[in-house]
Structure formats: C-alpha cells, structure tokens
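**Student:** Top line first, the protein sequences correspond to chains A and B.
Quick note on the working numbering: the first sequence kicks off at 1 and runs consecutively.
Quick note on the working numbering: the second sequence kicks off at 1001 and runs consecutively.
Note that beta-carbon positions come from the ideal geometry of N, C-alpha and C, so glycine has one too.
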Amino acid sequence: TVGAAAKDMHGNLAAATSTGGLTGKRWGRVGDSPVIGAGTYADNRGCAVSATGSGEFYIRIGVAHEICARMRFGKEDAQTATDAVQDEVKALGGAGGVIAVAPDGTSAFSFNTPGMYRGRATSGGDFAVHIY
Amino acid sequence: MQNWTLVIHGGAGAMARGTMTPERDAAQRAGLAAALEAGKAVLASGGAALDAVEAAVKVLEDNPGFNAGRGAVFTYEGVNELDAAIMDGRNRAAGAVTGLTRTRNPISAARAVMEKSPHVMLQAPGADRFARERGLDQVDPSYFRTEERWQQLQTMKENTKTGAVFDADMKYG
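As structure tokens, then:
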C-alpha cells in the first residue's frame, strides 16, 4: 500500500491511498485502502489521513475518520490523535500505520509494524524519507 | 507566504530496515524521494493538495518496489487486483475503486470516480470500463506482475500446504 496526505498553500487538505491488497487474498477480499473513512479520509475541518496495514481492523475502527473526528471535536493534535487510534488498532490485534496532515500544517506518522516506508516534505525545507 | 506540507507512505512491507539488502534499501528510499519530489513540485508552485497527493501516489504506483499498481501483490488466483481512494478536504468529495486489473494508475481512476461520476466507489470490470471510457491509461494485466511478488504467492501457497502459514486462519476475506 502507498499513500499521501497534503495541505496546500490555500489551506486545503487531501488524502490518497493505493494498494494491491494482501498476498493470496481470496473471495474478492478488499481491505481498508479504498474504504472512505477507514484507510483514506480528508476534511479541512479535521485532517487528511492515509493508512496501511491489517485492513479489517482499520475498517472496523474507521481509523481515518476516527482520527479526523478526534482532531475536529477533541481538539487533539495530529500525533496525539493518530497514536491513540493506532493504539486501538494494536489493542484489537491489528498492525499497520498511518500518516496525517492537520489544517495547521503539522503532520504525524504513527505505526506499529516493521518496514514502514514514509517521507515528509514541507515549505519550511523539511525533506526526508525513513524506513522503520 | 509558502505554507504547505506533504507526507507519504510506501506501506508496511514485510521487510523491515534490518532485513533489506543495501541495494533494496537505497531503491526504496529513492522511490519515496521521487514521490515526495513529485508532490512537492505541485505544492511549491501553489498547486492544490489534491493534485499533489495524486502526483505522489502515481509515482509509487509506477514503481515496482511498492505494493500498488506495478509490483502489487497477487491474489490467491494469481491476479493483481488494485484498489485506491482519494478525498478532497475542501468539500469531502471522495472517489474509490476496487479490483482494477487493467488501469495503469488506480489513484487516477479513483479521482475520475470522484470528479466524473455521481458515485463514490466503483469495482472490478465496471471500474476498469469506467476508467477506460474516461481516457485513463490502460495496460495488459501482465504490466503489474513482478517475479518477486509471484514468488511470494508461491511461497505463501506452499506454506499453507505445510502448515507453516504465516496467518494461520487465512483472514483474507
């Protein structure tokens, strides 16, 4: 799975996710990536999120929308909200990670799985890629 | 004043940093950097977040080193079935596709669903037909195949026979 979340100069957010799914999936299995609110969500009032991991857990929890709702209603920052929802995924036995960008331009990575490939670039000059 | 942010992920591959060859590590980092550059170019020129996330994801879909588009994993039946979604934070417009097998960039198909249809999600052959009718690049299904992903499927199938299944209850749907 690959994904991106962005805030532009006009203050607008957007999120995108694309995947091949899981090796050996059967019966037309679909994970969270194409399920709006689970693996992908964007709302200028909350945040932009893209997720990767055990899709079934992300769908049941509604991870991407849950993060945005915590930020919008609970006034949590991106790292606090993403960590809290990732903890819930982990508590249920799921694994994976999320990336998020807030309306103020702050961003967060949160994950509990090996091999998490991620990168960040900002108008402030950040430009870095990481592999967990 | 410029004030933009872009974050990307290349998935949670089975290979953590410690298990990769230096060459593979370098290739993955280069792939991520190329995706960042593509999105950054849009944002730094005052472009929309929506265009930036599509541009970044398309680069990773075209890179066989990531599980999306070219280089995606295989289903049990040995097919690459591709899923994607995109969402615009301005108005909560959203588009998603599942089970694509012929559209080169699934994220662009998802965007076409969002912008050129009254729907949110389209799936399987109908989604490919919709993408084709909207002029999106079509490829032979074999375009998505890599030997590495094919072997991963064979290994997984072998494991199910010997019982050394890495997911005992095969929770794949």
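#1: Going by the CB atoms, is the gap between F1144(B) and N1080(B) shorter than 8 Å?
#2: Give the DSSP bridge partners of Q1151(B), in chain order.
#3: So which residues on chain A does E1061(B) lean against when the C-beta distance must stay under 8 Å?
#4: Determine, for Y41(A), whether the minimum Cβ-Cβ distance to residues of chain B falls below 8 Å.
#5: Tell me the rounded alpha-carbon separation between C68(A) and S18(A).
#6: Any beta-carbon of chain B closer than 8 Å to the one on T122(A)?
#7: Taking 8 Å as the CB-CB cut-off, is S1106(B) touching chain A?
#8: Does the segment 1115–1129 of chain B touch the segment 70–85 of chain A, meaning 3 or more C-beta pairs lie closer than 8 Å?
#9: Report the residue from S110(A), G124(A), R118(A), D126(A) whose alpha carbon sits nearest the alpha carbon of T80(A).
#10: Counting pairs of beta carbons, one from the segment 1060–1076 of chain B and one from the segment 1089–1097 of chain B, are three or more of them closer than 8 Å?
#11: Determine whether the beta carbon atoms of I131(A) and R1104(B) lie at a separation below 8 Å.
#12: Who are the neighbours of E1148(B) on chain A, taking C-beta pairs under 7 Å?
#13: Can you name, in chain order, every residue of its own chain whose Cβ lies under 6 Å from the Cβ of M1087(B), other than the five neighbours on each side?
#14: Which residues of chain A have a Cβ atom closer than 8 Å to the Cβ of L1036(B), listed in chain order?
#15: Compute the minimum distance between the beta carbon of Y58(A) and the heavy atoms of the ligand PLP, and state whether it is under 7 Å.
#16: Tell me whether P1141(B) is buried or exposed, calling it buried when 16 or more other Cβ atoms sit within 10 Å of its Cβ.
#17: Any beta carbon of chain B sitting closer than 8 Å to that of T52(A)?
#18: Taking the straight line between their C-alpha atoms, what separation do you get for A91(A) and I61(A)?
#19: Counting only Cβ pairs nearer than 9 Å, list the residues of chain A close to E1054(B).
#20: Anything in chain A within Cβ reach of K1040(B), meaning under 8 Å, just list it in chain order.
#21: Out of M9(A), G3(A), V85(A), Y117(A), which one is the CA nearest neighbour of D1025(B)?
#22: I need the straight-line Cα distance from G1046(B) to E1158(B), nearest angstrom please.
#23: What's the C-alpha gap between T113(A) and S54(A)?
#24: By the three-class DSSP mapping on this structure, what secondary structure does Y41(A) have?
**Tutor:** The structure says:
#1: What you label residue 1080(B) is simply residue 80 of the second sequence in a count that begins at 1. What you label residue 1144(B) is simply residue 144 of the second sequence in a count that begins at 1. Pairing N1080(B) with F1144(B) gives a Cβ-Cβ distance under 8 Å.
#2: Counted from its first residue, the second sequence places residue 1151(B) at position 151. None; Q1151(B) has no bridge partner.
#3: Here residue 1061(B) refers to the residue found at position 61 when the second sequence is read from its first residue. Ordered by position in chain A, the residues that pass the 8 Å Cβ test against E1061(B) are V2, S18.
#4: On the first sequence, position 41 is the one that residue 41(A) refers to. So, interface residue.
#5: For the purposes of this step, residue 68(A) is identified with residue 68 of the first sequence, where counting begins at 1. For the purposes of this step, residue 18(A) is identified with residue 18 of the first sequence, where counting begins at 1. Rounded to whole angstroms, the gap between the alpha carbons of C68(A) and S18(A) is 20 Å.
#6: Your numbering for residue 122(A) matches position 122 in the first sequence. By this cut-off, T122(A) is an interface position.
#7: Taking the second sequence and counting its residues from 1, one reaches residue 1106(B) at position 106. According to the sequence as given, residue 1106(B) is Pro; it is not Ser. Chain A, which has a Cβ nearer than 8 Å to the Cβ of P1106(B), makes this yes.
#8: The segment 1115–1129 of chain B and the segment 70–85 of chain A do not touch, with fewer than three beta-carbon pairs separated by less than 8 Å.
#9: Taking the first residue of the first sequence as position 1, residue 80(A) is located at position 80. Looking at the Cα atoms, S110(A) is the closest of the given residues.
#10: As far as the Cβ criterion goes, the segment 1060–1076 of chain B does not touch the segment 1089–1097 of chain B, which means the pair count is below three.
#11: If you number the first sequence from 1, residue 131(A) lands on position 131. If you number the second sequence from 1, residue 1104(B) lands on position 104. Here I131(A) is not near R1104(B), since their CB atoms are 8 Å or more apart.
#12: As a first step, residue 1148(B) is located in the second sequence; it is residue number 148 there, counting from the start. Result: empty, since nearest Cβ-Cβ is about 11 Å, beyond 7 Å.
#13: Locating residue 1087(B) in the second sequence gives position 87, where the first residue counts as 1. Exclusion of the five residues before and after M1087(B) leaves A1094 as the residues of its chain whose Cβ lies within less than 6 Å of its Cβ.
#14: Residue numbering aside, residue 1036(B) sits at position 36 when the second sequence is read from its first letter. Within 8 Å Cβ-Cβ: G119, R120, A121, F127, V129.
#15: The ligand PLP is absent from the structure shown, which contains no ligand whatsoever.
#16: As a first step, residue 1141(B) must be located in the second sequence, where it is residue number 141. Exposed, because fewer than 16 other Cβ atoms sit within 10 Å of the Cβ of P1141(B).
#17: In the first sequence, the residue the question calls residue 52(A) occupies position 52. It does: the Cβ of T52(A) has a partner Cβ on chain B nearer than 8 Å.
#18: On the first sequence, position 91 is the one that residue 91(A) refers to. On the first sequence, position 61 is the one that residue 61(A) refers to. Roughly 11 Å separates the two Cα atoms.
#19: Counted from its first residue, the second sequence places residue 1054(B) at position 54. Ordered by position in chain A, the residues that pass the 9 Å Cβ test against E1054(B) are A4, A14, A16.
#20: Here the question's residue 1040(B) lines up with position 40 in the second sequence. Against chain A, a Cβ distance below 8 Å from K1040(B) picks out A121, F127.
#21: By 1-based counting over the second sequence, the position of residue 1025(B) is 25. For D1025(B), the closest C-alpha among the options M9(A), G3(A), V85(A), Y117(A) is that of Y117(A).
#22: Here residue 1046(B) refers to the residue found at position 46 of the second sequence. Here residue 1158(B) refers to the residue found at position 158 of the second sequence. Cα to Cα, G1046(B) sits roughly 51 Å from E1158(B).
#23: Here the question's residue 113(A) lines up with position 113 in the first sequence. Here the question's residue 54(A) lines up with position 54 in the first sequence. If you draw a straight line from the Cα of T113(A) to the Cα of S54(A), it comes to about 10 Å.
#24: Working through the first sequence from its first residue, we reach residue 41(A) at position 41. Correct three-state label for Y41(A): strand.
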